[in-house]
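K.L.:
According to this note's numbering, the sequence shown is numbered sequentially starting from 9.
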Amino acid sequence: GRVEASREFGMILTPVAEGNLREYLECVDLTNPLDSHIRPWLPCLASGLTYLHSLNILHKDIKPQNILCHGDNILYTDFGLSKLFQGDTLTVSTDPSGTVKYCAPEVRQGKRSGRRSDVFSLGTVYLEMLTVASGRDLGKL
């Protein structure tokens, strides 16, 4: 819905998530991590990224803070750095974008980025998710 006044405009939205993946990973009970949603989310994230790439969209900032969690569902968010692409790569970017910890080496070096760069970022997120799923402390990663 929406609300309008003479000079103001506002939107009323239904929350789509209980929090982001970073918050979820920090709160998982490490004594019983396999009761978490982590395992079912892995293929969902891969399918979501495949879908984005099928639309020729590079996310360019995949990280736990940009993934929303809601029950069995998981959603990519924050498309502020996203780009449309043709073929496998974008043009050379002299300004590396994204969060360094999750960036592919070619992105950090200002070289061509493409689908593989997003896949690398997702792999880094997977590493964090599986670290928690195996009962290890995320802070030691």
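Beta carbons are placed, not taken as given, at the ideal position from N, Cα and C, and that holds for glycine.
In three-state DSSP terms, what is Cys-52?
P.N.:
Within the sequence shown, numbered from 1, the residue matching residue 52 stands at position 44. Helix, per DSSP.
K.L.:
Starting from the C-beta of Asp-86, find all residues in its chain whose C-beta is less than 7 Å away, skip the five residues before and the five after it, and write them out in chain order.
P.N.:
In the sequence shown, residue 86 corresponds to position 78, counting from 1. Once the five neighbours on either side are set aside, the close Cβ partners of Asp-86 are Asp-69, Asn-74.
K.L.:
Along the chain, where does the alpha helix (DSSP H) containing Leu-76 start, and where does it finish?
P.N.:
Residue 76 sits at position 68 when you count from the first residue of the sequence shown. Leu-76 -> not in any alpha helix (DSSP H); beta strand (DSSP E) instead, spanning 75 to 78.
K.L.:
Return the CA-CA distance between Leu-50 and Asn-81, expressed in angstroms with no decimal places.
P.N.:
If you number the sequence shown from 1, residue 50 lands on position 42. If you number the sequence shown from 1, residue 81 lands on position 73. Cα to Cα, Leu-50 sits roughly 11 Å from Asn-81.
K.L.:
Since Gly-27 sits in a beta bridge, which residues does DSSP pair it with?
P.N.:
Position 19 of the sequence shown, counting from 1, holds the residue named residue 27. BP columns for Gly-27 point to Cys-77.
K.L.:
Name the two residues that bound the continuous alpha helix (DSSP H) containing Ser-129.
P.N.:
Here residue 129 refers to the residue found at position 121 of the sequence shown. Here the alpha helix (DSSP H) through Ser-129 covers 123 to 141.
K.L.:
Beta-carbon within less than 7 Å of Cys-52's beta-carbon, same chain only, minus the 5 sequence neighbours each way: which residues are those?
P.N.:
Here residue 52 refers to the residue found at position 44 of the sequence shown. Closer than 7 Å at Cβ, skipping near neighbours: Ile-82.
K.L.:
Answer yes or no: do Asp-126 and Leu-33 have a C-beta to C-beta separation smaller than 9 Å?
P.N.:
For this step, residue 126 is matched to residue 118 along the sequence shown. For this step, residue 33 is matched to residue 25 along the sequence shown. For Asp-126 and Leu-33, no; Cβs fall outside 9 Å.
K.L.:
Classify Ile-70 as helix, strand or coil using the three-state DSSP reduction.
P.N.:
The sequence position of residue 70 within the sequence shown is 62, counting from 1. Here Ile-70 sits in coil by DSSP.
K.L.:
Roughly how many angstroms separate the alpha carbons of Lys-119 and Ser-129, rounded to a whole number?
P.N.:
Counting from 1 along the sequence shown, the entry for residue 119 is found at position 111. Counting from 1 along the sequence shown, the entry for residue 129 is found at position 121. When rounded, the distance between both Cα atoms is 15 Å.
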